[in-house]
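Enquirer:
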Amino acid sequence: MVRPMSSHLPPVPILPRHLLLLAGSGEARAIAAGLADRGDLRVTASVLAPSLAGPLKVLTRTGGFGGDDGFAQYLDREGVTAVLDATHPFAARIGQRSAPICAARGIAYARVLRPAWQAQPGDRWTHVPDESAAGALLHAGQRVFATTGRATMEALVMKSPAQFLLRRRAAEPSPPPVANVSYVIGQGPFSVDDEIATLRAHRIDVLVAKNSGGTASRTKLDAARALGLPVILVDRPDQVQATTLTTVAQALAWVENLA
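For the sequence shown, counting from 1, position 67 maps to 68 in the numbering used here; every step adds exactly one.
(1) Would you kindly work out how many angstroms separate the C-alpha atoms of proline 11 and aspartate 86, rounded to a whole number?
(2) I'd like to know whether the C-beta atoms of leucine 23 and serine 99 end up nearer to each other than 9 Å.
(3) Out of Thr216, Arg204, Lys211, Ala180, point me to the one whose CA is closest to phenylalanine 191's CA.
(4) Report all residues from its chain with a CB closer than 6 Å to the CB of arginine 168; omit the five preceding and five following residues, and keep chain order.
(5) Which class does threonine 127 belong to by DSSP, given the choice of helix, strand or coil?
(6) Specify the secondary structure class of leucine 22 as computed by DSSP and reduced to three states.
(7) Going by DSSP in three states, valine 158 sits in which element: helix, strand or coil?
(8) Per DSSP, what are the beta-bridge partners of arginine 62 in this structure?
(9) If you check the beta carbons only, do valine 129 and alanine 109 fall under 9 Å apart?
(10) So who's on the other strand from serine 183, going by DSSP bridges?
(11) Please tell me whether alanine 137 has its Cβ less than 9 Å away from any Cβ of chain D.
(12) Between which two residues does the alpha helix (DSSP H) harbouring isoleucine 233 extend?
(13) Can you give me the Cβ contacts of alanine 117 inside the same chain, cut-off strictly under 7 Å, excluding the 5 residues immediately before and after it?
(14) Report back the beta-carbon spacing between leucine 57 and arginine 30 to the nearest angstrom; my notes put them in contact at under 8 Å.
(15) Helix, strand or coil for threonine 245? Go by DSSP, reduced to three states.
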């Protein structure tokens with residue numbers, strides 16, 4: 002006699018939805034904090050390096066994915082059901098890679114992108130598409146405060162006759178010496194008064210910055226306006242065509258509304 006199968010088998014556990022948060026911005030930190038206590042949602046943040054994010058209040062992986070194929074394999078292997086791209090506004094290539102891969106798998110994707118800065122009365126801005134174009138506008142004898150990051154040093158600094166002041170954190174290793182580059186040590190956020198003091202102390206003639214948007218780093222632009230200094234502003238690269246969220250609140254609402 003064959004006994005019927007028991008109907009009292011333990012239920013198969015249903016794994017929670019898995020959100021991959023591509024981090025690297027202040028918004029990503031706030032989003033991670035807002036999602037940290039969600040028991041119905043598995044959240045993994047991803048950063049290239051810990052220094053780009055600071056402590057995040059969710060499980061965090063560090064490093065790249067290994068190109069397009071590696072990213073696709075990670076999504077499949079980890080059962081990712083949604084991707085929220087809160088990387089820096091200048092990390093546009095991440096979105097250009099991630100969005101189509103997500104679309105091919107039916108994975109929800111959205112970009113968190115803070116509004117770009119807009120000039121105010123008294124601002125003396127010149128817009129350029131990249132650091133090479135910024136460097137072409139500079140000339141010998143100018144003292145330039147550049148906040149575009151060390152990764153852009155070759156494009157901006159190496160081919161320019163100007164003298165550059167760059168900022169670095171005290172904990173960072175000292176970079177190799179470059180004849181036309183000096184450094185000021187500091188870690189933000191900086192107030193407008195802080196930035197005015199820096200510009201005055203180093204007798205800066207021109208500020209070069211990226212149009213990152215947000216309030217935390219706009220103080221250098223406000224300081225330049227207060228001193229009547231010209232600013233060369235590197236425009237953002239083209240962004241991926243996708244759902245775009247401009248605030249942390251919008252990003253959290255998008256997650257809340259995921260199916």
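Beta carbons are placed, not taken as given, at the ideal position from N, Cα and C, and that holds for glycine.
Expert: In terms of the structure at hand:
(1) Locating residue 11 in the sequence shown gives position 10, counting from the first residue. Locating residue 86 in the sequence shown gives position 85, counting from the first residue. Because the pLDDT of proline 11 is 49, which lies under 50, any placement of that residue in the model is unreliable, and the number read from its coordinates should be weighed accordingly. If you take the alpha carbons of proline 11 and aspartate 86, they lie about 37 Å apart.
(2) If you number the sequence shown from 1, residue 23 lands on position 22. If you number the sequence shown from 1, residue 99 lands on position 98. Less than 9 Å divides the Cβ of leucine 23 from the Cβ of serine 99.
(3) For the purposes of this step, residue 191 is taken as the residue at position 190 of the sequence shown. Closest in alpha carbon position to phenylalanine 191, among Thr216, Arg204, Lys211, Ala180, is Thr216.
(4) Start at 1 with the first residue of the sequence shown, and residue 168 comes out as number 167. If we look at arginine 168 and ignore the five residues flanking it on each side, its Cβ neighbours are Val185, Gly187.
(5) The sequence position of residue 127 within the sequence shown is 126, counting from 1. In the structure shown, threonine 127 adopts extended strand secondary structure according to DSSP, grouped into three states.
(6) Position 21 of the sequence shown holds residue 22. In the structure shown, the three-state DSSP call for leucine 22 is strand.
(7) Reading the sequence shown from its first residue, position 157 is the one you call residue 158. Of the three classes helix, strand and coil, the one that applies to valine 158 here is helix, per DSSP.
(8) Here the question's residue 62 lines up with position 61 in the sequence shown. Per DSSP, Ser47.
(9) Along the sequence shown, read from residue 1 onward, the residue named residue 129 stands at position 128. Along the sequence shown, read from residue 1 onward, the residue named residue 109 stands at position 108. Contact: no.
(10) For the purposes of this step, residue 183 is taken as the residue at position 182 of the sequence shown. As a beta-bridge residue in DSSP terms, serine 183 pairs with Leu166.
(11) Any reference to chain D falls outside this structure, which holds one protein chain only.
(12) By 1-based counting over the sequence shown, the position of residue 233 is 232. That residue, isoleucine 233, is in no alpha helix (DSSP H); its beta strand (DSSP E) goes 232-235.
(13) By 1-based counting over the sequence shown, the position of residue 117 is 116. Excluding its 5 nearest sequence neighbours in each direction, alanine 117 has C-beta neighbours in its own chain below 7 Å: Asn212, Gly214, Arg237, listed in chain order.
(14) Here residue 57 refers to the residue found at position 56 of the sequence shown. Here residue 30 refers to the residue found at position 29 of the sequence shown. Leucine 57 to arginine 30, Cβ: 6 Å. Contact.
(15) Within the sequence shown, residue 245 is the residue found at index 244, counting from 1. Reduced to three states, the DSSP call for threonine 245 is strand.
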